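Read the sequence shown against my numbering and you will find it ends at 1058, with the numbers running on by one and no gaps.
We treat Cβ as the ideally placed atom computed from N, Cα and C, and that holds for glycine.
Source: prediction; values computed, not measured.
Input: a single structure, listed below in structure tokens.
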Amino acid sequence: MHPEFAALLEIARQHAAAGRFADMTALCRQLTQAPVTGTGLLIEVGNLFAAQGFLMQARHCYLRARQIEPENLKILGNLANLAQSAGQHSSARRLYHELLQQRPDDAVIRRNLLTSLEYDPAVNNAERLAAARAWGDWAIARAGGNRPRPACRPRHARPLRIGYVSADFCQHTVGFFVQDVLKAHDPARVQVFAYSAGQVQDSITEGIRAACQFRAVRTLDDQALAAQIRHDEIDVLVDLSGHTAGSRLTVFAHRPAPVLVSWLGYFATTGLPVMDAVLLDAWHAPPGTEAQFVETIVRLPGRFCYTAVPWMPRVTLPDEDRPFITFGSFNNTAKLNDAVLEVWAQVLAAVPASRLVLKWRTFHDETFRQTVTAIFEQYGIDAGRIELRGPSFHETMLEEYAGIDIALDPFPFTGGLTSCEALFMGVPVVSWPQSRVVSRQSHALLHQIGLPELSASDAADYVQIATRLANDRTRLKQLRTTLRERMLASPLMDVASHTRQLEDALIGLYRDIPRGSEST
């Protein structure tokens, strides 16, 4: 890339980071008009547009790049990612399968396909399991075949050596959830190593770095990372990424530790036959969930705990004299699908004069905004009742909950951190748990804070729960004023107890490996 273009692109990135989106888009348009002979500049500008939710501008850049370099499969992958961001799941699935046929050994393509299936309501549990098993077989073959379990070192009184592997030890959902757990580990029971495969480093990264043995491993290949883990004599290796971006799950196929565990950052089976266990809870994994996993399910009292960010605003209620109810969802639009929008339209129809606020970065895109609004109009909801908001800084986004009465959860991929934040800001969440684990995140949260009645049994029940709550202003005000205190007093925010329970589970897994099982 020409140095002048690279410098302008960096300025555009700085505009985006500062929230100066008009300046960013103006500079990006200038760059797309520059004479180019290769695809590098177009792809990078497209990536910046995509990261900020400008889907059509990103698509335009990628299509131009593909005209120049039609054999570049990275461009096709970017187009698949755009489709997923817009909730166009069938298109995303078709593109990912096309990519996989052309590049069957590409780890990123395989990873992205599996993650996309979690969002896709048209894919059933058997299909998702089969796809994960196929990945597991591929990963084992790629690692050189099945490897024996490493010998377990006697513990006696020594602390268990736990290694956590993630690309998200930063301001990311995983980073927010795991940071205080790593700090709360009892050094008399466990010795903690964090293997950071991510590029982003921020205040959360530094907090985690100070709490444990921290290894920056992004540049290590699988064999080198496995060798580092063996050198550190890890007893239990815990994956926090699954098949999400930056995952190093292929390292687990090398079996670098005696016990391998999946936890926190992924909501389905890894498909890896050597993975010993997945840590869930009874709400995420009711009886029968075992059929969806190759791993043994170990049920914790709670799958994770929540800690509010330091900049969390105080709870502010909507104006009591406001004559309408405002529903809202600040979830990733990749979680949207026709069934979700239809049920939300039914809620709006059942609560006259109510409004719906949707907020995500993709609502920067005017074409996407028109698409979503048109779907609601097809269901008889006037466009004036739908407000679509683009991104903002985290604290500002949290403050916007002051104008939301009731949060509506998407399905089958429900809110996790988003639901925690809505609840902590005093906004009750209506959810519909289904069979896949990722659909049961908010359901688990609601049970942990004593509000199981906000979990629906089906679409009709979802509408009834939302309608009943909207029509009971006394109950709604009571929830709005007490939700934060309810959460603070719940197991969901008891990091010390949660960490002890996590330690108990990991120590138990290591203890219960049958001696002589090194060959299994």
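If you draw a straight line from the Cα of A791 to the Cα of W676, it is about 10 Å long. The Cβ atoms of G780 and A672 lie no closer than 9 Å to each other. Residues of the same chain with a CB within less than 7 Å of the CB of P971, apart from the 5 flanking positions on each side, are S977, R978, H981 and S993 in chain order. Given a length threshold of 3 residues, each whole run of the beta strand (DSSP E) inside the segment 790 to 840 is given here in chain order: 797 to 801, 815 to 819 and 834 to 838. Apart from sequence neighbours up to five positions away, the residues of its chain that approach V789 with a beta-carbon distance below 8 Å are V703, D760, L763, A764 and I767, ordered along the chain. The shortest C-alpha to C-alpha distance from T905 to any of A589, D561, R597 and E582 is the one to R597. The shortest C-alpha to C-alpha distance from Y804 to any of L817, P692, P794 and S734 is the one to L817. As computed with DSSP, Y733 is found in a beta bridge with V703 and R753. Taking a C-beta distance under 9 Å as the contact criterion, G866 and Y939 qualify as a contact pair. Contact between the segment 811 to 830 and the segment 688 to 706 is not established, with fewer than three Cβ pairs separated by less than 8 Å. Around the beta carbon of T934, a 10 Å sphere encloses fewer than 16 other beta carbons of the protein chains shown; the residue is thus reported as exposed.
In the displayed model, R693 falls within coil according to three-state DSSP, outside both helix and strand.
The DSSP-derived three-state label of V889 is coil. The bridge partners DSSP lists for L926 are L896. Less than 9 Å divides the Cβ of E880 from the Cβ of Y917. In terms of CA proximity to S741, G713 leads the group G713, D724, P725 and S1035.
Partner residues in the beta bridge of V967, as assigned by DSSP, are A945. For L775, the enclosing beta strand (DSSP E) starts and ends at V774 to D777. By the Cβ-count criterion, W849 is exposed, with fewer than 16 other Cβ atoms from all chains shown falling within 10 Å of its own Cβ. Listed in chain order, the non-local C-beta contacts of L667 below 7 Å within the same chain comprise T807 and Q830, local neighbours out to five positions each way being set aside. If you ignore the 5 residues before and after I942, its C-beta comes within less than 6 Å of the C-beta of T864, G866 and V965, all in its own chain and listed in chain order. For G584, the enclosing alpha helix (DSSP H) covers residues G578 to A589. Burial is judged here by how many other beta carbons sit within 10 angstroms of a residue's own beta carbon; S628 has fewer than 16 and is exposed. When DSSP reads this structure, L1044 sits in no beta bridge, so it has no partner.
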